[in-house]
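Visitor: Heads up: the sequence shown runs through residues 131 to 412, numbered per our numbering. For each residue, glycine too, the CB sits at the ideal point set by N, CA and C. I'd like to ask you about the structure that follows.
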Amino acid sequence: MQKLAEICIRRPVFATNIILALVVVGAASYFRLGVDRFPSVDLPTVSVRTVLPGASPEEVETQVSQRIEEAVNTIEGIYELRSISGPGTSIVIVTFNLERDIDAAAQDVRDRVATVLRDLPRDAEPPIISKFNNDLSPVMTIALSADRPLRELTELADKIVKRQLERSEGVGEVRVVGGLERAINIWIDAHRLAAYQIPITAVREAIVRQNADIPGGNVTAGPREQTLRTMGRITDPKRFDDLVIATINGMPIRVRDIGWAEDGTKEQRSFARLNGLPTVTL
Numbered sequence: 131m132q133k134l135a136e137i138c139i140r141r142p143v144f145a146t147n148i149i150l151a152l153v154v155v156g157a158a159s160y161f162r163l164g165v166d167r168f169p170s171v172d173l174p175t176v177s178v179r180t181v182l183p184g185a186s187p188e189e190v191e192t193q194v195s196q197r198i199e200e201a202v203n204t205i206e207g208i209y210e211l212r213s214i215s216g217p218g219t220s221i222v223i224v225t226f227n228l229e230r231d232i233d234a235a236a237q238d239v240r241d242r243v244a245t246v247l248r249d250l251p252r253d254a255e256p257p258i259i260s261k262f263n264n265d266l267s268p269v270m271t272i273a274l275s276a277d278r279p280l281r282e283l284t285e286l287a288d289k290i291v292k293r294q295l296e297r298s299e300g301v302g303e304v305r306v307v308g309g310l311e312r313a314i315n316i317w318i319d320a321h322r323l324a325a326y327q328i329p330i331t332a333v334r335e336a337i338v339r340q341n342a343d344i345p346g347g348n349v350t351a352g353p354r355e356q357t358l359r360t361m362g363r364i365t366d367p368k369r370f371d372d373l374v375i376a377t378i379n380g381m382p383i384r385v386r387d388i389g390w391a392e393d394g395t396k397e398q399r400s401f402a403r404l405n406g407l408p409t410v411t412l
């Protein structure tokens, strides 16, 4: 400090220039500081979201959440492990220590979850594994409106518009909200079903079994090998009425004997409106 004071006394002009330079650089740096409402902070948190349609929170907890927790709880560097089980949805949240690399942690979670996929219920959708990021808020919302049925507009948004947007540079994710998704609904007459004494579970299992593509193995002919597959998935909704549900006294009971098939829509779980009219948003 004494040497610095001596330089400032003997060379006041030099000292003044140094101070002015520091002030100018500091002022310029202040106005160039990056300011963001949601700063880009990659928190060491990974979530595993699994959908089990129609399941109660208790079933989701025991059949999905607990099995995923048991698979990931031995990963190195876990700070906190918690889960949220709701109707048809399981969310397992894994928080790691700050020094843990988030990309490596996410890969470890993927590897551990992959080991329990066969233990999850057959109806469970593939788990979605994602890193928590403060920047994952939508930056653009697009509403589609056209003079056509809402179901047709939904298919247009999902199969054309969404796919084109996902191919755009810098787009991380595109979600479709609202609309009506196509579904083949099988309506069962409870009185007819009771008359034949067929359980509803047997109806479901028969439809699933007969509406599936079945692997047929491989055929080797010399140096060539071909894969066989039985194409059993139904493409015409009217053919569902001909599916055999059960056989009673040698007589086949078909879907049309206890109900009917309808080319309809799924139950609407989200809604979007534009100028007071139902629409689809992305």
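Closest by CA to leucine 310, which one among Lys368, Arg399 and Ala236?
Guide: Of Lys368, Arg399 and Ala236, the residue nearest in Cα terms is Arg399.
Visitor: For lysine 261, write down the residues that DSSP places opposite it in a beta bridge.
Guide: In DSSP, lysine 261 forms a bridge with Val176.
Visitor: Identify, in the order they occur along the chain, each residue of the same chain with its Cβ nearer than 6 Å to the Cβ of valine 246, setting aside the five sequence neighbours on each side.
Guide: Cβ neighbours of valine 246 beyond the five flanking positions: Arg197 and Ala201.
Visitor: Please report how far the alpha carbon of asparagine 147 lies from the alpha carbon of glutamine 294, in whole angstroms.
Guide: Cα to Cα, asparagine 147 sits roughly 58 Å from glutamine 294.
Visitor: For the 8 Å Cβ check, are there 3 or more pairs between the segment 147 to 164 and the segment 216 to 230?
Guide: No: the two stretches stay apart, fewer than three of their Cβ pairs being nearer than 8 Å.
Visitor: Taking only heavy atoms of the ligand GTP into account, decide whether any of them is closer than 8 Å to the Cβ of valine 269.
Guide: No copy of the ligand GTP appears in this structure; indeed no ligand is present at all.
Visitor: According to DSSP, is leucine 373 part of a helix, a strand, or is it coil?
Guide: Here leucine 373 sits in coil by DSSP.
Visitor: What would DSSP say about phenylalanine 226, mapped onto helix, strand or coil?
Guide: Three-state DSSP puts phenylalanine 226 in a strand.
Visitor: Roughly how many whole angstroms lie between the Cα atoms of arginine 424 and valine 410?
Guide: This structure does not reach residue 424, given that the chain is present from 131 up to 412, and the question cannot be answered.
Visitor: Grab the span of the beta strand (DSSP E) containing isoleucine 214 for me, first residue to last.
Guide: 208 to 216 is the extent of the beta strand (DSSP E) around isoleucine 214.
Visitor: Out of Gly394, Pro345, Ile272 and Val385, which one is the CA nearest neighbour of asparagine 315?
Guide: Cα-wise, what sits closest to asparagine 315 is Gly394.
Visitor: Relative to the alpha-carbon of isoleucine 258, which residue among Pro408, Ile208, Ile330 and Val178 has its alpha-carbon at the smallest distance?
Guide: Ranking the options by Cα distance to isoleucine 258, first place goes to Val178.
Visitor: Near aspartate 319, what residues of its chain come up, given a Cβ to Cβ distance below 7 Å and the 5 sequence neighbours on each side ignored?
Guide: The answer, listed in chain order, is Ile388 and Gly389.
Visitor: With distances taken from CA atoms, which of Pro142, Val307 and Gly302 is nearest glutamate 285?
Guide: Nearest of Pro142, Val307 and Gly302 to glutamate 285, Cα basis: Val307.
Visitor: What are the uninterrupted segments assigned as beta strand (DSSP E) that are 3 or more residues long and contained completely in the segment 253 to 335, given in chain order?
Guide: Complete beta strand (DSSP E) runs here, min 3: 258 to 261 and 312 to 318.
Visitor: Buried or exposed for aspartate 241, going by 16 or more other Cβ atoms inside 10 Å?
Guide: By the neighbour-count rule (16 or more Cβ atoms within 10 Å), aspartate 241 is not buried but exposed.
Visitor: Measuring CB atoms only, is the segment 347 to 354 touching the segment 370 to 382, in the sense that at least three cross pairs come out at less than 8 Å?
Guide: With the cut-off at 8 Å, the segment 347 to 354 and the segment 370 to 382 do not touch.
Visitor: I'd like to check one pair, proline 256 with threonine 192: are the Cβ atoms closer than 9 Å?
Guide: No; because the gap between Cβ atoms is not below 9 Å, this pair is not in contact.
Visitor: Would you call the CB atoms of serine 213 and glutamate 229 closer than 9 Å?
Guide: No, they are not a contact pair.
Visitor: Check whether the Cβ atoms of leucine 163 and alanine 287 lie closer than 9 Å to each other.
Guide: Contact: no.
Visitor: Leucine 358: buried (16+ other C-beta within 10 angstroms of its C-beta) or exposed?
Guide: By the 10 Å Cβ count, leucine 358 comes out exposed.
Visitor: Just grab the DSSP bridge partners of isoleucine 205 for me.
Guide: In the DSSP output, where bridge partners are listed per residue, isoleucine 205 has none listed.
Visitor: When the Cα of methionine 361 is compared with those of Asn348, Val349 and Asp343, which residue comes out closest?
Guide: Among Asn348, Val349 and Asp343, the Cα nearest to that of methionine 361 belongs to Asp343.
Visitor: Check the DSSP bridge columns for leucine 404 and list the partner residues they point to.
Guide: Answer is Leu407.
Visitor: Please state the DSSP three-state secondary structure of asparagine 348.
Guide: Looking at asparagine 348 - three-state DSSP - the assignment turns out to be strand.
Visitor: Where does leucine 407 land, buried or exposed, given buried means 16+ other C-beta within 10 angstroms?
Guide: Counting Cβ neighbours within 10 Å, leucine 407 comes out exposed, since fewer than 16 surround it.
Visitor: Is the beta carbon of aspartate 238 sitting closer than 9 Å to the one on isoleucine 272?
Guide: Contact: no.
Visitor: Any idea what DSSP makes of glutamate 397, helix, strand or coil?
Guide: Looking at glutamate 397 - three-state DSSP - the assignment turns out to be coil, as it is neither helix nor strand.
Visitor: Should alanine 325 go down as buried or exposed, given a rule of 16 or more other Cβ atoms within 10 Å for buried?
Guide: Answer is exposed; the Cβ neighbour count stays below 16.
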